[in-house]
Amino acid sequence: MSRGEQSPWSAYLALLAKRPPQMATSLSKDSREMLKYCEAYNDIESDINDMQEDYDSVLVPFVEKYPEVFTKDIKDEFFSLEAFKTMTGHVSSRSMDVDNFHISALVPFADFVNHSPTPNSDYLTHEDVCETCGALACEHLESEDEDEDMESDSDEAPDLGGDDEDDDDEAPQLASEKEPASKKFKKNDEEMDEDEEWEDDEDDEDEDDDDGMVNDTCDIILDYEVKKGQEITRHYGPYPNKIILSKYGFAVEDNPHDTVTIQLEMVRQAASKFLKDEAMVEERIQWFLASEDVFIGADDGDDHEHGGGCCGGGGHSHNDEEMDEHDHSRDRGCCDSKNSKKNKNVSDLKVDEEDQDDDSEMDEDEEEEEEDFPRDIMYMMHDGSIDDRLLLLLNVLFMEKTQFKKANEDMDVAMEYFNDIFVRRQQEEQEDEDDDMEEEDEEEGEKIPKPELKPRDAKSKKVRKAVLEAILELIRIRADAFGVTHKTTAEQDLASLKKAKLSGPLYYGGLCVQGEKQILQNGLQGYKQFLSEL
Numbered sequence: 018m019s020r021g022e023q024s025p026w027s028a029y030l031a032l033l034a035k036r037p038p039q040m041a042t043s044l045s046k047d048s049r050e051m052l053k054y055c056e057a058y059n060d061i062e063s064d065i066n067d068m069q070e071d072y073d074s075v076l077v078p079f080v081e082k083y084p085e086v087f088t089k090d091i092k093d094e095f096f097s098l099e100a101f102k103t104m105t106g107h108v109s110s111r112s113m114d115v116d117n118f119h120i121s122a123l124v125p126f127a128d129f130v131n132h133s134p135t136p137n138s139d140y141l142t143h144e145d146v147c148e149t150c151g152a153l154a155c156e157h158l159e160s161e162d163e164d165e166d167m168e169s170d171s172d173e174a175p176d177l178g179g180d181d182e183d184d185d186d187e188a189p190q191l192a193s194e195k196e197p198a199s200k201k202f203k204k205n206d207e208e209m210d211e212d213e214e215w216e217d218d219e220d221d222e223d224e225d226d227d228d229g230m231v232n233d234t235c236d237i238i239l240d241y242e243v244k245k246g247q248e249i250t251r252h253y254g255p256y257p258n259k260i261i262l263s264k265y266g267f268a269v270e271d272n273p274h275d276t277v278t279i280q281l282e283m284v285r286q287a288a289s290k291f292l293k294d295e296a297m298v299e300e301r302i303q304w305f306l307a308s309e310d311v312f313i314g315a316d317d318g319d320d321h322e323h324g325g326g327c328c329g330g331g332g333h334s335h336n337d338e339e340m341d342e343h344d345h346s347r348d349r350g351c352c353d354s355k356n357s358k359k360n361k362n363v364s365d366l367k368v369d370e371e372d373q374d375d376d377s378e379m380d381e382d383e384e385e386e387e388e389d390f391p392r393d394i395m396y397m398m399h400d401g402s403i404d405d406r407l408l409l410l411l412n413v414l415f416m417e418k419t420q421f422k423k424a425n426e427d428m429d430v431a432m433e434y435f436n437d438i439f440v441r442r443q444q445e446e447q448e449d450e451d452d453d454m455e456e457e458d459e460e461e462g463e464k465i466p467k468p469e470l471k472p473r474d475a476k477s478k479k480v481r482k483a484v485l486e487a488i489l490e491l492i493r494i495r496a497d498a499f500g501v502t503h504k505t506t507a508e509q510d511l512a513s514l515k516k517a518k519l520s521g522p523l524y525y526g527g528l529c530v531q532g533e534k535q536i537l538q539n540g541l542q543g544y545k546q547f548l549s550e551l
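Our numbering applies: residue 18 is where the sequence shown begins, and numbers increase by one.
This is the structure we're talking about:
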């Protein structure tokens, strides 16, 4: 912005100057006090501290190093702390994923499209580009293709007989002659034909363009016809409100992706209240943390949804036993089949050396993901249900001693135990909709009888009762930790928030507080009902 019209982005930057971002980090300290009742508060305070640290340690030394460029007037107008916060807000709220070379960047025009839970457009971009220069087609990719072709030729058996005439007709395919790298979403064939025809016309009109060059763009593609005057919107992603507020400066009322965090220390506190044996609680927590990778297998889960079943029990909705479906469980499925035959003590579990060699690269990626995954955090979902990890952990904590001993000695026993939990939950969820207890196999068109489960015996009911009581205690602990009051309902709080006529991040911060209270309220009502029906 300090370069004014000399910048090639001057028109775009001038628009940004007229539309300063409204971020929660810009709220006064007194205004931010309201956010102490939700998890977004710590994130926002951390953002403020990080900006101050970056300004002092990076920007100020750089500006002072070149006084001939950054004069006093320029520094005062464009490089003050407030100006730095404003630009940081622009980058945070407007930056978009571009590709594997640029990673993310400001994308003029595309970043003007607002978020909507029911969008009418998609954001498309070429993800895979040259990692050296960022181009879709270049000499680097051509060189890589030639190297791959040479390797492929060397691996093939020599043709001892036959005609070489066909080979002479086949010229190496250059990168610019290949189809463009696929975008995140693919257009249908008709649209592709129209686009190719349009691109051909443009190539004919512009003699300076190289033949076959691919238009390297980020696109906003409408899902359906939009009328004149109708706003174009897109979906920013399945984020909880605390993330949306921190990154974009707003929040979504009744956000289906909202979550409430349950700390492992809260689980310790709740379990110790009922078990009265802190040593046993700690032993079982450590066993769970050490062994969960065995009975919770990896899943594709790019969108954090679980498509598969747990412990081989078929698909399920990954809430607690009767809760509605959610999609914010851990990026994993339960009891992956590749682990279903493990029959060792947890402390002796090892990966087969041959498999480890074959999948070394994949293992390294998984290890990096595991290191980033916080083991001491679990979640309550939008509907008040708890996530898979918390459900499994609570069942481990309240297992009978003989059952825990068997599970510790034999992982097949542990997986069978958890499989029973999730299959039972799946059947209870579908009981009203499917009285004949049969489900349709979509691929085969056959009806497969669901596995029969024995009625709960006294021991099973005792464990389930303890788990439900612990969940209710966890909800109370979490509410107390953030000062959530039960004097008013979440619905009443939302009505009061709207009557207050707040705006900007202050209003959206109130939505974060209300949304988390709604989750706790849903959980309290739901698990009380389950307990009464036991």
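We put the beta carbon where it would ideally sit given N, CA and C, even for glycine.
TODO: Let me know if S308 comes out buried or exposed under the rule of 16 or more other beta-carbons within 10 Å of its beta-carbon.
DONE: As a working note, residue 308 is residue 291 in the sequence shown. S308 comes out buried.
Task: CB contact flag (L541, G527, <8 Å) - done: As a position in the sequence shown, residue 541 is number 524, starting the count at 1. As a position in the sequence shown, residue 527 is number 510, starting the count at 1. Contact: no.
- [ ] Could you spell out where the alpha helix (DSSP H) holding I65 opens and where it closes?
- [x] Reading the sequence shown from its first residue, position 48 is the one you call residue 65. Counting along the chain, the alpha helix (DSSP H) containing I65 begins and ends at 57 to 71.
Task: Neighbour-count burial assignment, R392, 16 or more Cβ in a 10 Å radius - done: Counted from its first residue, the sequence shown places residue 392 at position 375. Looking at its Cβ environment, which holds fewer than 16 other Cβ atoms inside 10 Å, R392 is exposed.
Open item on the list: For a quick check, are the C-beta atoms of A41 and G254 less than 8 Å apart?
Closed with: Reading the sequence shown from its first residue, position 24 is the one you call residue 41. Reading the sequence shown from its first residue, position 237 is the one you call residue 254. No, they are not a contact pair.
- [ ] Report, in whole angstroms, the separation of the C-beta atoms of M18 and L30, which I expect to be a contact under 8 Å.
- [x] Numbered from its first residue, the sequence shown carries residue 18 at position 1. Numbered from its first residue, the sequence shown carries residue 30 at position 13. About 5 Å; that satisfies the 8 Å criterion.
Open item on the list: Contact between the stretch 274 to 292 and the stretch 81 to 91 is defined here as three or more beta-carbon pairs at a separation below 8 Å; is this criterion met?
Closed with: no
Task: Inter-residue spacing [alpha-carbon to alpha-carbon] between I302 and P273 - done: Here residue 302 refers to the residue found at position 285 of the sequence shown. Here residue 273 refers to the residue found at position 256 of the sequence shown. Cα to Cα, the separation comes out at about 30 Å.
TODO: Look up Q247 in the DSSP assignment and say whether it is helix, strand or coil.
DONE: On the sequence shown, position 230 is the one that residue 247 refers to. The answer is coil: DSSP assigns Q247 none of H, G, I, E or B.
Task: Three-state class that DSSP yields for M40 in the structure shown - done: Locating residue 40 in the sequence shown gives position 23, counting from the first residue. Correct three-state label for M40: coil.
- [ ] Within the same chain, show all residues whose beta-carbon is closer than 7 Å to that of L76, passing over the 5 residues directly before and after it, in chain order.
- [x] What you label residue 76 is simply residue 59 of the sequence shown in a count that begins at 1. Hits under 7 Å: F96, F101.
TODO: Using alpha carbons as the reference points, say which of R473, M395, L44 lies closest to I65.
DONE: By one-based count along the sequence shown, residue 65 stands at place 48. The residue with the shortest Cα to Cα distance from I65 is L44.
Open item on the list: Short of 8 Å in beta carbon distance, which residues of its chain neighbour W26, apart from the five on each side in sequence? Order them along the chain.
Closed with: Counted from its first residue, the sequence shown places residue 26 at position 9. Result list for W26: P125, in chain order.
Open item on the list: Just to confirm the assignment, what range does the beta strand (DSSP E) spanning M395 have?
Closed with: As a working note, residue 395 is residue 378 in the sequence shown. Start and end: 394 to 397.
Open item on the list: Let's test the definition: count the other Cβ atoms within 10 Å of the Cβ of R49 and tell me whether it reaches 16, buried, or not, exposed.
Closed with: For the purposes of this step, residue 49 is taken as residue 32 along the sequence shown, with counting starting at 1. Label assigned to R49: buried.
Open item on the list: Classify F421: buried if its beta carbon has 16 or more other beta carbons within 10 angstroms, exposed otherwise.
Closed with: As a working note, residue 421 is residue 404 in the sequence shown. That one is buried.
TODO: May I ask you to report which of helix, strand or coil DSSP gives Y524?
DONE: Taking the first residue of the sequence shown as position 1, residue 524 is located at position 507. Helix.
- [ ] Assign D139 to one of three DSSP states: helix, strand, or coil.
- [x] The residue given as residue 139 occupies position 122 in the sequence shown. Strand, per DSSP.
Task: Option nearest Y256 by Cα separation, candidates T250, A268, K245, I249 - done: Here residue 256 is taken as the residue at index 239 of the sequence shown, counted from 1. Closest by alpha carbon: A268.
TODO: Would you check if the distance between the CB atom of F565 and the CB atom of F118 is smaller than 8 Å?
DONE: No statement about residue 565 is possible, as the shown extent of the chain runs from 18 to 551 and does not include it.
- [ ] Please say whether T250 and H107 have beta carbons closer to each other than 8 Å?
- [x] Position 90 of the sequence shown holds residue 107. Position 233 of the sequence shown holds residue 250. Not closer than 8 Å, so no.
TODO: Report buried or exposed for Q509, applying the criterion of at least 16 other Cβ atoms within 10 angstroms of its Cβ.
DONE: As a working mapping, residue 509 is identified with position 492 in the sequence shown. It is exposed - the Cβ of Q509 has fewer than 16 other Cβ atoms within 10 Å.
Task: Whole-angstrom distance between T135 and C351, CA atom to CA atom - done: Residue 351 sits at position 334 when you count from the first residue of the sequence shown. Residue 135 sits at position 118 when you count from the first residue of the sequence shown. Annotation note: pLDDT 41 at C351 (below 50); position unreliable, no value reported.
Task: The beta strand (DSSP E) enclosing I279, as first and last residue numbers - done: Your numbering for residue 279 matches position 262 in the sequence shown. Unbroken beta strand (DSSP E) run through I279: 277 to 280.
TODO: For D427, name the three-state secondary structure that DSSP assigns.
DONE: As a working note, residue 427 is residue 410 in the sequence shown. Coil.
Open item on the list: Measuring alpha carbon to alpha carbon, tell me which residue in G500, Y72, V501, S263 is nearest N59.
Closed with: Here the question's residue 59 lines up with position 42 in the sequence shown. Out of G500, Y72, V501, S263, S263 has the C-alpha closest to the C-alpha of N59.
TODO: Under 8 Å Cβ to Cβ from V619, same chain only, skipping five residues before and after it: list those, please.
DONE: Residue 619 is absent from the model: the chain starts at 18 and stops at 551.
TODO: Would you decide whether L410 is buried or exposed? Buried here means 16 or more other CB atoms lie within 10 Å of its CB.
DONE: Counting from one through the sequence shown, the residue named residue 410 turns up at place 393. The residue in question, L410, is buried, as its Cβ has 16 or more Cβ neighbours within 10 Å.
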